[in-house]
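**Q** Residue numbers (our numbering), protein chains in the order written: chain S, 1 to 72; chain V, 73 to 144; chain P, 145 to 216; chain L, 217 to 288; chain H, 289 to 360; chain C, 361 to 432; chain F, 433 to 504. Backbone N, C-alpha and C define an ideal beta-carbon position, used for all residues, glycine too.
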Amino acid sequence: MEKPLKLLHASLNNRVIVELRGGVEYQGVLDGYDVPHMNLVLKNADEIVHSDKKSKHDKVIVRGDNIIYISP
Amino acid sequence: MEKPLKLLHASLNNRVIVELRGGVEYQGVLDGYDVPHMNLVLKNADEIVHSDKKSKHDKVIVRGDNIIYISP
Amino acid sequence: MEKPLKLLHASLNNRVIVELRGGVEYQGVLDGYDVPHMNLVLKNADEIVHSDKKSKHDKVIVRGDNIIYISP
Amino acid sequence: MEKPLKLLHASLNNRVIVELRGGVEYQGVLDGYDVPHMNLVLKNADEIVHSDKKSKHDKVIVRGDNIIYISP
Amino acid sequence: MEKPLKLLHASLNNRVIVELRGGVEYQGVLDGYDVPHMNLVLKNADEIVHSDKKSKHDKVIVRGDNIIYISP
Amino acid sequence: MEKPLKLLHASLNNRVIVELRGGVEYQGVLDGYDVPHMNLVLKNADEIVHSDKKSKHDKVIVRGDNIIYISP
Amino acid sequence: MEKPLKLLHASLNNRVIVELRGGVEYQGVLDGYDVPHMNLVLKNADEIVHSDKKSKHDKVIVRGDNIIYISP
């Protein structure tokens, strides 16, 4: 069995896809997270809204509240 | 009586259907979960949006907040 | 006076109707629940979406968060 | 001053109107409740959706989360 | 400085306007409240939906969760 | 660094703009607040819905839950 | 690994983009925050609604609840 936080930790420094409520997606390198909120720090992140690349962020803090899934 | 978490535990390594709010569904092998949030780790997961297969994920962390049901 | 959890407990092994937010309904045999979340385990459950039978589940874990009512 | 829970307790065995989010209303005899969630048990309950009587329930557990008001 | 709960207490036995999410409003005499939920008891309450008087209640318990503002 | 609650406290007796979810705005003199909910008391408050002045309140208790921002 | 709150702290006195639910965005100098709510104080903030600059605020308290991401 692999616990969600263990997989999240193992994904540090890897590119992940983060899907949020409302059709917004981030793709970036996972640079950090906190517990238990699962807020994330992503580096070199693309924001994708309804499949269109909308903006680029060097770093971005994504609040865990709005996350649907994280795909390493 | 079978408690929800006992059934979830018994479903480890089996393929499950996870229905989320907003017409999104995951089908994958349950690889882990946490308590009490019911965040899940799925392997070989298909994401299905309004009955169309949208994407495949080797591994995905699904936040428990958005889960409507889990069907082993 | 009959407390909600006492009625829920008395409904074990009986067929119940579970109404969720968003026009989704489950009908199945109550096989388990937990406290205080009121997550449920249903057996032989029919999922009914806007009055149409959508799918059948041998067993399903329904998260308490989305439940509007449970009718034994 | 009359506290909400005292009025709720005084309404046991009386017919109450329970308005939920989403235009759903229950009318039934208050048979029980719990604290602090304000989950209710109603007997001989009518479910009324946008002013149309939809279904009748001998007993129903209504989750407090979705309640807007209770009118004794 | 006047704390919200102090003003609420000072409003007991006075007519108040209570605005809820979804365009629903109550006007009635504040008969009670609880802490910290801010559930209210209103007497002789009018329910007003999108500016139309919909119904009258001798007494009504309004859950604090849905309240946007209370105007003494 | 100026903490949010310190700025809120410093805004007492000043006119503030309070933006709520759903396109509703209040403009009034901040008369009080509580911690940690950030419920507010406003004096001489105008309620503005989608840019139209809707009503005036001598005093109003605004629940913190629905607040998006407070601008001193 | 860089924790979200450490990055937030490092962003003090820098211009940040704050995206809220509902298509509202703030751009301003981060002047403060609190833990664990992640309420923010922004200085010289522009409010941008669906890509149109709507208003300017010398200072604004943004509640953490509605924040989707913060981009330093």
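(1) Given that a residue counts as buried once 16 or more other Cβ atoms are within 10 Å of its Cβ, and exposed if not, what is K267 (chain L)?
(2) Which one of V:Y141, V:Q99 and V:H129 has the shortest CA to CA distance from M110 (chain V)?
(3) What ranges does the beta strand (DSSP E) occupy inside the stretch 157 to 213 of chain P, keeping only unbroken runs of at least 3 residues that lie completely in it?
(4) Return the first residue and the last residue of the alpha helix (DSSP H) that K147 (chain P) is part of.
(5) Got a sec? Which residues, its chain only, sit under 8 Å from G392 (chain C) by beta carbon, not counting five neighbours each side?
(6) So, is G316 (chain H) buried or exposed, given that buried needs 16 or more other C-beta atoms within 10 angstroms?
(7) Under a CB-based cut-off of 9 Å, is D406 (chain C) close to chain H?
(8) Using the beta-carbon count (16 or more within 10 Å), is N230 (chain L) buried or exposed?
(9) Within 10 Å of its beta-carbon, does H297 (chain H) have 16 or more other beta-carbons around it, so buried, or fewer, so exposed?
(10) What does DSSP give as the partner residue(s) for S227 (chain L) in the beta ladder?
(11) Please check if any C-beta of chain S sits within less than 9 Å of the C-beta of L444 (chain F).
(12) To the nearest whole angstrom, what separates the beta carbons of A261 (chain L) and V276 (chain L), a pair I think is in contact under 8 Å?
(13) Is the shortest distance between the beta-carbon of S55 (chain S) and the beta-carbons of chain V less than 9 Å?
(14) Skipping 5 residues on each side, what residues in its chain have a beta carbon closer than 7 Å to that of S343 (chain H)?
(15) Contact check, I139 (chain V) vs L77 (chain V) under 8 Å by CB: the rounded distance?
(16) Nearest to H417 (chain C) by alpha carbon, out of C:G424, C:K403, C:E362 and C:M361?
(17) Thinking just about the alpha-carbon of each residue, which of F:L439, F:P504, F:K435 and F:I449 is nearest to the one in V481 (chain F)?
(18) Interface residues of chain P around D250 (chain L) at Cβ under 7 Å?
(19) Would G208 (chain P) pass as an interface residue toward chain L - the criterion being a Cβ-Cβ separation below 9 Å?
(20) So, is the C-beta of R237 (chain L) closer than 9 Å to a C-beta in chain H?
(21) Thinking C-beta only, is G310 (chain H) closer than 9 Å to R423 (chain C)?
(22) Would a check of beta-carbon distances place I133 (chain V) closer than 9 Å to chain P?
(23) Does L318 (chain H) come within less than 9 Å of chain C when only Cβ atoms are used?
(24) Distance cutoff 9 Å, beta carbons only. Does L152 (chain P) sit that close to anything in chain L?
(25) Do you know offhand how far S143 (chain V)'s Cα is from L79 (chain V)'s?
(26) Using 9 Å as the limit for Cβ to Cβ distance, is Y141 (chain V) near chain P?
**A** Here's the rundown:
(1) Sequence inspection shows Ser at residue 267 (chain L); the Lys mentioned does not correspond to that position. Answer is exposed; the Cβ neighbour count stays below 16.
(2) Of the candidates V:Y141, V:Q99 and V:H129, V:Y141 places its Cα closest to the Cα of M110 (chain V).
(3) Listed in chain order, the complete beta strand (DSSP E) runs (minimum 3 residues) inside the stretch 157 to 213 of chain P are 159 to 164, 168 to 177, 184 to 193 and 196 to 206.
(4) Per DSSP, K147 (chain P) is not a residue of any alpha helix (DSSP H), being assigned neither H nor E.
(5) These residues qualify, in order along the chain: L372, L400 and V401.
(6) With 16 or more Cβ atoms within 10 Å of its Cβ, G316 (chain H) is classed as buried.
(7) So no, D406 (chain C) is outside the interface.
(8) Residue environment for N230 (chain L): exposed (fewer than 16 other C-beta atoms within 10 angstroms of its C-beta).
(9) Per the 10 Å Cβ criterion, exposed.
(10) Looking at the DSSP assignment, S227 (chain L) forms no beta bridge with any residue, so it has no partner.
(11) No, because no Cβ of chain S sits closer than 9 Å to the Cβ of L444 (chain F).
(12) With a beta-carbon spacing of about 5 Å, A261 (chain L) and V276 (chain L) fall inside the 8 Å limit used to define contacts.
(13) It does not: the Cβ of S55 (chain S) has no partner Cβ on chain V nearer than 9 Å.
(14) Here the set comprises E335.
(15) The Cβ separation is near 13 Å, so there is no contact.
(16) Looking at the Cα atoms, C:K403 is the closest of the given residues.
(17) The residue with the shortest Cα to Cα distance from V481 (chain F) is F:I449.
(18) Simply K147, P148 and L149.
(19) Yes, G208 (chain P) counts as interfacial toward chain L.
(20) Chain H has a Cβ within less than 9 Å of the Cβ of R237 (chain L).
(21) By the CB criterion at 9 Å, R423 (chain C) and G310 (chain H) fall outside the cutoff.
(22) It does not: the Cβ of I133 (chain V) has no partner Cβ on chain P nearer than 9 Å.
(23) Output row for L318 (chain H): interface = no.
(24) At least one CB of chain L lies nearer than 9 Å to the CB of L152 (chain P).
(25) So the two alpha carbons sit approximately 10 Å from each other.
(26) Interface criterion met: the Cβ of Y141 (chain V) is under 9 Å from a Cβ in chain P.
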